[in-house]
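Chains as they are written, first to last, in the UniProt record's numbering: chain A, 1 to 240; chain B, 1 to 240. Ideal placement from N, C-alpha and C gives every residue a C-beta, glycine not left out.
There are 2 protein chains.
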Amino acid sequence: MKVLIVEDDPLHRSYLHEAVNAALPECDTVIEAENGTAGEKLARDHKSAHIVMDLQMANRNGIEAARTIWKERPETRILFWSNYSDEAYVRGVSRIVPDGAAYGYVLKSASDERLKLALRSIFIESQCVIDREVRGLQQKSLGQTNGFTDSEYEILVDIALGLTDRAIAKRRSLSLRSVQNRLQQLYDKLDVYQSAGDDHEDGRFNLRARAVTVAFLRKLLNYSALERAEAELQEWLEGK
Amino acid sequence: MKVLIVEDDPLHRSYLHEAVNAALPECDTVIEAENGTAGEKLARDHKSAHIVMDLQMANRNGIEAARTIWKERPETRILFWSNYSDEAYVRGVSRIVPDGAAYGYVLKSASDERLKLALRSIFIESQCVIDREVRGLQQKSLGQTNGFTDSEYEILVDIALGLTDRAIAKRRSLSLRSVQNRLQQLYDKLDVYQSAGDDHEDGRFNLRARAVTVAFLRKLLNYSALERAEAELQEWLEGK
DNA sequence: CGCCGTCTTGCGTAAACCCGCAGCTTGTTG
DNA sequence: CAACAAGCTGCGGGTTTACGCAAGACGGCG
Numbered sequence: 001m002k003v004l005i006v007e008d009d010p011l012h013r014s015y016l017h018e019a020v021n022a023a024l025p026e027c028d029t030v031i032e033a034e035n036g037t038a039g040e041k042l043a044r045d046h047k048s049a050h051i052v053m054d055l056q057m058a059n060r061n062g063i064e065a066a067r068t069i070w071k072e073r074p075e076t077r078i079l080f081w082s083n084y085s086d087e088a089y090v091r092g093v094s095r096i097v098p099d100g101a102a103y104g105y106v107l108k109s110a111s112d113e114r115l116k117l118a119l120r121s122i123f124i125e126s127q128c129v130i131d132r133e134v135r136g137l138q139q140k141s142l143g144q145t146n147g148f149t150d151s152e153y154e155i156l157v158d159i160a161l162g163l164t165d166r167a168i169a170k171r172r173s174l175s176l177r178s179v180q181n182r183l184q185q186l187y188d189k190l191d192v193y194q195s196a197g198d199d200h201e202d203g204r205f206n207l208r209a210r211a212v213t214v215a216f217l218r219k220l221l222n223y224s225a226l227e228r229a230e231a232e233l234q235e236w237l238e239g240k
Numbered sequence: 001m002k003v004l005i006v007e008d009d010p011l012h013r014s015y016l017h018e019a020v021n022a023a024l025p026e027c028d029t030v031i032e033a034e035n036g037t038a039g040e041k042l043a044r045d046h047k048s049a050h051i052v053m054d055l056q057m058a059n060r061n062g063i064e065a066a067r068t069i070w071k072e073r074p075e076t077r078i079l080f081w082s083n084y085s086d087e088a089y090v091r092g093v094s095r096i097v098p099d100g101a102a103y104g105y106v107l108k109s110a111s112d113e114r115l116k117l118a119l120r121s122i123f124i125e126s127q128c129v130i131d132r133e134v135r136g137l138q139q140k141s142l143g144q145t146n147g148f149t150d151s152e153y154e155i156l157v158d159i160a161l162g163l164t165d166r167a168i169a170k171r172r173s174l175s176l177r178s179v180q181n182r183l184q185q186l187y188d189k190l191d192v193y194q195s196a197g198d199d200h201e202d203g204r205f206n207l208r209a210r211a212v213t214v215a216f217l218r219k220l221l222n223y224s225a226l227e228r229a230e231a232e233l234q235e236w237l238e239g240k
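Here is the structure:
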């Protein structure tokens with residue numbers, strides 16, 4: 001058995017290396033990549049079926065890399081190992097995991113024990129292992145309670161990118177008014193109307209900009225989500 | 001000599017611990033904190049004069065912590081050790097360093113050697129050591145070439161927070177029109193007018209929102225900068 | 001001191017945005 | 001099938017933005 005480790009940070013990389021050796025005696029080879037691009041290439045060359053992947057790497061982030069890897073070989077097992085459980089990441093990951101694929105999401109703050117368990121469960125037993133904290137987000141995100149619909153999230157991204165209502169309408173094939181409806185829905189859920197109890201009418205917010213910031217502060221959005229969205233936008237712009 | 005290490009990640013923390021021991025034989029005690037809040041407390045209790053500080057920690061980030069520490073004891077020497085050289089961080093740090101204080105900014109990607117050298121230079125020789133890459137940003141940021149004025153940066157933050165023109169005017173004691181002037185200046189510098197060469201008039205951007213995103217993608221802003229700005233905003237709102 | 005560049009401010013306009021009202025299309029449920 | 005909730009869309013109007021034009025204000029500088 002071969003395991004590929006894709007991770008920026010040399011310290012974490014060698015820690016992972018040890019953890020893999022300790023948890024998987026049946027693993028005879030460990031290879032390492034220090035960014036997403038290299039990771040993709042190695043995965044292809046070695047036909048890796050077992051990958052431990054960091055999200056958030058400078059060069060090309062884990063989600064991008066995982067996406068192309070899964071596109072080529074959907075049965076690949078990937079354990080995501082990340083510092084954060086931002087909703088943006090969680091959403092990003094669950095958007096790209098192929099049907100029935102075995103994968104995992106473990107936080108870096110987890111104990112050695114938990115990491116090793118996750119490694120065995122995913123790579124040997126083909127089980128999905130999702131960190132409890134992350135799991136919570138996923139639930140909330142899928143169930144509607146307090147969570148955001150896909151269309152709400154979509155429009156959030158669109159205004160975050162700086163599109164006008166008209167442009168959004170065109171992109172999503174909606175009428176202007178519908179776009180604005182969704183915006184209002186979004187403003188509602190983000191609770192963007194004034195900072196709590198402040199009744200001065202002068203301290204008003206620009207809802208559109210405020211919504212984006214609030215989303216950021218709540219980790220609904222983060223840098224990597226923006227980056228991806230921007231790339232998609234550019235693509236769309238190309239295609240007229 | 002006593003050294004205080006403030007760092008989230010246990011791996012990095014122990015790495016730093018070793019590096020300090022190796023670089024500074026004159027150091028007899030090393031204490032560790034795993035977030036900003038704990039760091040501040042330990043610094044106070046131990047009257048630490050030598051600190052290695054991570055930026056970007058979950059609980060309370062390094063800039064906040066450094067600010068309060070420096071407020072109490074401005075002669076404290078702090079070495080910032082960070083993964084990133086976002087302009088937002090660099091700007092954040094240089095805004096809080098007291099006159100004549102010895103401090104350093106080293107990237108985590110630097111070699112062992114460089115880290116050790118920096119430790120000695122700052123703690124023993126009271127020199128400032130700024131990573132070359134970071135230095136570049138600082139220059140650009142101070143010299144006007146291609147960089148952003150303080151007032152431009154200020155208004156960038158204000159729209160990022162989601163304030164209306166009117167609110168900004170009030171906050172910064174300007175007329176509405178002046179605020180809008182500065183905005184235009186900002187839009188200019190960020191080059192927010194249409195995505196390169198696209199002459200379809202439909203693909204237009206909402207300049208205000210777009211500016212924020214572009215700033216984010218260029219790392220002029222980041223999460224921690226937003227967080228701080230938001231806190232300041234709330235303070236201001238309190239004070240009517 | 002007069003010239004000049006930078007910054008501030010007011011006026012005015014066209015466009016974009018926020019949003020209530022109301023008619024329609026759907027999918028769901030008893 | 002009737003009833004109802006949920007989402008799409010057009011209309012209309014009050015606000016906010018973006019920005020050209022032009023008149024001061026302030027700070028060098030020859």
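- Here Ser173 of chain A carries a coil assignment [DSSP, helix/strand/coil].
- Unbroken alpha helix (DSSP H) runs of no fewer than 4 residues, entirely contained in the stretch 92-133 of chain B, are found at 112-123, following chain order.
- Against chain A, the beta carbon of Arg210 of chain B has neighbours under 7 Å at Gly162, listed in chain order.
- If you look at Lys2 of chain A, you'll find it in the beta strand (DSSP E) that goes 2-6.
- Between Leu79 of chain B and Ala118 of chain B, the C-beta gap is smaller than 9 Å, which places the two residues in contact.
- Look at the beta carbons and you see the stretch 217-232 of chain B touching the stretch 79-95 of chain B: at least three pairs across the two are nearer than 8 Å.
- At a beta-carbon threshold of 8 Å, the residues of chain A lying near Glu227 of chain B are Leu217, ordered along the chain.
- For Phe216 of chain A, the enclosing alpha helix (DSSP H) starts and ends at 207-217.
- Closer than 9 Å to the CB of Glu235 of chain A there is not a single CB belonging to chain B.
- Listed by position along chain B, the residues whose Cβ is nearer than 8 Å to that of Glu230 of chain A are Thr213, Leu217.
- Considered as a whole, the stretch 23-86 of chain B harbours 36-46, 62-72 as its complete alpha helix (DSSP H) runs of no fewer than 4 residues, in chain order.
- Using a CB distance cut-off of 9 Å, Lys108 of chain A counts as an interface residue toward chain B.
- Tyr15 of chain A reaches chain B at Leu11, counting residues in chain order whose Cβ is nearer than 7 Å.
- Contacts with chain B at 9 Å (Cβ-Cβ) do not include Val20 of chain A.
- With contacts defined by Cβ atoms closer than 9 Å, Glu7 of chain B and Ala33 of chain B form a contacting pair.
- C-alpha of Leu190 of chain B to C-alpha of Val214 of chain B: approximately 7 Å in a straight line.
- Among the CB atoms of chain B, none fall inside 9 Å of the CB of Ile69 of chain A.
- DSSP places Leu220 of chain A in no alpha helix (DSSP H); its state is neither H nor E.
- According to the DSSP secondary-structure assignment, Leu163 of chain B is paired through a beta bridge with A:Phe205.
- Close to Tyr223 of chain B, with beta-carbon spacing below 9 Å, are these residues of chain A in chain order: Phe216, Leu217, Lys219, Asn222, Tyr223.
- With a threshold of 9 Å between beta carbons, Val192 of chain B makes contact with chain A.
- Cβ-Cβ separation between Asp165 of chain B and Leu176 of chain B: approximately 6 Å, consistent with a contact (criterion under 8 Å).
- Within the same chain, and ignoring the five residues on either side of Gln180 of chain B in sequence, the residues whose Cβ sits closer than 7 Å to its Cβ are Asp165.
- Not flagged as an interface residue toward chain A: Ile63 of chain B, since no C-beta distance is shorter than 9 Å.
- Taken through DSSP and simplified to helix, strand or coil, Asp9 of chain B comes out as coil.
- The Cβ of Ile155 of chain A sits no closer than 9 Å to any Cβ of chain B.
- Secondary structure of Asp191 of chain A (DSSP, three-state): coil.
- Around Thr29 of chain A, the same chain offers Lys2 as residues with beta carbons nearer than 7 Å, after the five sequence neighbours per side are excluded.
- In the three-state DSSP reduction, Gly136 of chain B falls in the helix class (H, G or I).
- In the pairwise beta carbon analysis, the stretch 59-72 of chain A is classified as not touching the stretch 16-24 of chain A: fewer than three pairs are separated by under 8 Å.
- Glu40 of chain B sits buried, since 16 or more C-beta atoms from the chains shown fall within 10 Å of its C-beta.
- Distance from the Cα of Gly136 of chain B is smallest, within the candidate group B:Lys170, B:Val90, B:Arg204, for B:Val90.
- From the beta-carbon of Ile159 of chain B, the residues of chain A found nearer than 9 Å are Asn206, Ala209.
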